[in-house]
Amino acid sequence: MTLITLRQALDRAREGGYGIGAFNVTDIAQVEAVLDAARLTGSPVIVQTIAGASVFASDELYWDLIMRTVDHYSDVPVVVHLDHGPDAETCFRAIDAGFSSVMIDGSLDPETHEPNTFEQNVAVTLKVVEYARERGVSVEGELGTIGGSKDGSTHAAIVLADPAEAGEFVARTGVDALAVAIGTSHGAYKFSSPPDDSVLHMDLITEIAETIPGTHLVMHGSSSLPADLRDTINAHGGELPESWGVPEDEKVRSTKLGVTKINQGMDSHMAFMAAQRTVLDADRITVDPAVAAKAGRQGMSDLIAERMRIFGQAGRTADYTPVPFREPAAL
Ligand code: 13P
């Protein structure tokens with residue numbers, strides 16, 4: 001296994017002037033899709049998952065299977081990362097399961113989903129950093145609130161990150177990476193027209209990067225929601241409304257401004273579902289779940305390989321050898 005920390009991966013990405021995609025997975029077939037794409041393109045990669053958001057009833061079982069799957073790809077430098085840890089305890093569980101990086105999302109109260117105060121965010125983030133540091137694990141925090149919608153009917157509010165707070169947040173918590181709300185949102189329902197500077201605040205990235213030069217910036221909600229995938233899904237029974245995401249050239253631009261980690265889940269899930277629906281529509285008598293899942297895995301892997309080339313991480317595995325997990329430089 002070539003497990004590396006988020007700090008190791010993003011430091012090298014910055015030196016090399018490229019971004020690294022962090023791809024959300026909810027099943028082991030998807031972990032395989034991400035790792036196959038990384039192997040094919042010679043890329044370092046971040047595999048990330050949200051607690052409770054998988055096909056498995058038990059996080060611990062799923063997380064153990066992720067670590068075992070990564071073991072089969074000793075040629076791929078991999079960060080295994082917890083995305084949007086809602087509280088310190090969930091982050092501790094992921095660290096204990098062997099993850100090399102966790103995100104503590106202290107921007108929201110896990111119970112009410114209302115924004116936390118700055119002080120509450122600092123307190124919970126610091127608690128996770130202290131636990132992670134002792135174990136050589138990296139930590140991502142969040143400043144501002146990245147909005148989002150599961151079904152397009154309601155949309156959690158976006159609260160833009162405040163550059164003035166970023167310096168104090170990093171000084172007090174020591175996070176390795178910071179998710180900054182710049183106007184992007186999670187999910188398959190983002191912008192009602194192609195985004196411009198009035199909704200996508202790329203200027204904030206520059207401003208924040210200048211304030212915290214030693215900390216990596218993370219762009220959440222980076223899916224571009226490809227129209228061809230939406231059309232394929234809708235041609236086979238789906239009803240996704242028209243929506244625009246973050247264009248690929250804006251993601252590339254973000255890596256020149258200070259972003260090193262590019263979070264995307266929806267695009268690869270759309271690719272998975274488009275391939276799966278196409279196969280099921282063509283073969284209406286199959287009852288073997290593996291037939292559709294295999295097609296989905298391949299569709300997802302193809303899209304991720306394409307993104308790895310765009311983000312610049314393709315062909316970069318040599319930057320990471322040998323980088324054993326938990327070397328002192330990780331701390
Ligand atoms: P998308 O919903 O745009 O894919 O973003 C995923 C993400 O930011 C996960 O944290």
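Under the UniProt record's numbering, the first residue of the sequence shown carries the number 1, and numbering increases by one thereafter.
Note that CB positions come from ideal geometry on N, CA and C, so glycine has one too.
Under 9 Å between C-beta atoms of residue i and residue j
| i | j | result |
| --- | --- | --- |
| Val122 | Val139 | no |
| Leu143 | Ala209 | no |
| Val19 | Gly214 | One detail in the question is off: residue 19 reads as Gly in this sequence, not Val. No, Cβ-Cβ distance for Gly19 and Gly214 is not below 9 Å. |
| His216 | Asp281 | no |
| Val102 | Ile66 | no |
| Val70 | Thr317 | no |
| Leu229 | His201 | no |
| His220 | Ile146 | yes |
Those residues which DSSP pairs with residue i across a bridge
| i | result |
| --- | --- |
| Gln48 | Asn24, His81 |
| His269 | According to DSSP, His269 bridges with nothing at all. |
| His236 | Looking at the DSSP assignment, His236 forms no beta bridge with any residue, so it has no partner. |
| Met219 | Ile262 |
| Leu3 | Val78 |
| residue 332 | In the structure as shown, the chain starts at 1 and stops at 331, and residue 332 therefore has no counterpart that could be examined. |
Proximity test, residue i beta-carbon vs the ligand 13P heavy atom, cut-off 8 Å
| i | result |
| --- | --- |
| Thr206 | no |
| His84 | yes |
| Met67 | no |
| Gly148 | yes |
| His236 | no |
| His113 | no |
| Gly312 | no |
| Asp267 | yes |
| Gln30 | no |
| Ser192 | no |
| residue 341 | The structure shown does not extend to residue 341, since the chain is modelled only from 1 to 331, so the question has no answer here. |
| Thr184 | yes |
| Val47 | no |
Counted within 10 angstroms of its Cβ, other Cβ atoms place residue i as buried (16 or more) or exposed
| i | result |
| --- | --- |
| Ser198 | exposed |
| Asp151 | Note that Asp151 scores 49 on pLDDT, short of 50, meaning its location in the model is unreliable and no value can be drawn from it. |
| Val31 | buried |
| Asp176 | buried |
| Ala22 | buried |
| Ala132 | buried |
| Ala329 | For Ala329, the predicted structure reports a pLDDT of 45, less than 50, and the residue's modelled location is therefore unreliable. A value from the coordinates is still provided. Ala329 should be labelled exposed. |
| Glu15 | exposed |
| Thr286 | exposed |
| Leu126 | buried |
| His84 | buried |
| Pro194 | exposed |
| Thr321 | exposed |
| Pro86 | buried |
| Ser243 | buried |
| Thr5 | buried |
| Ala314 | buried |
Are the stretch 92-102 and the stretch 116-125 in contact at 8 Å, needing three or more beta carbon pairs?
no
Taking contact to mean at least 3 C-beta pairs separated by less than 8 Å, is the stretch 239-257 in contact with the stretch 274-292?
no
Quick one: any contact between the stretch 228-242 and the stretch 28-43, if contact means 3 or more CB pairs under 8 Å?
no
Is the stretch 223-230 touching the stretch 267-276, taking contact as three or more C-beta pairs under 8 Å?
yes
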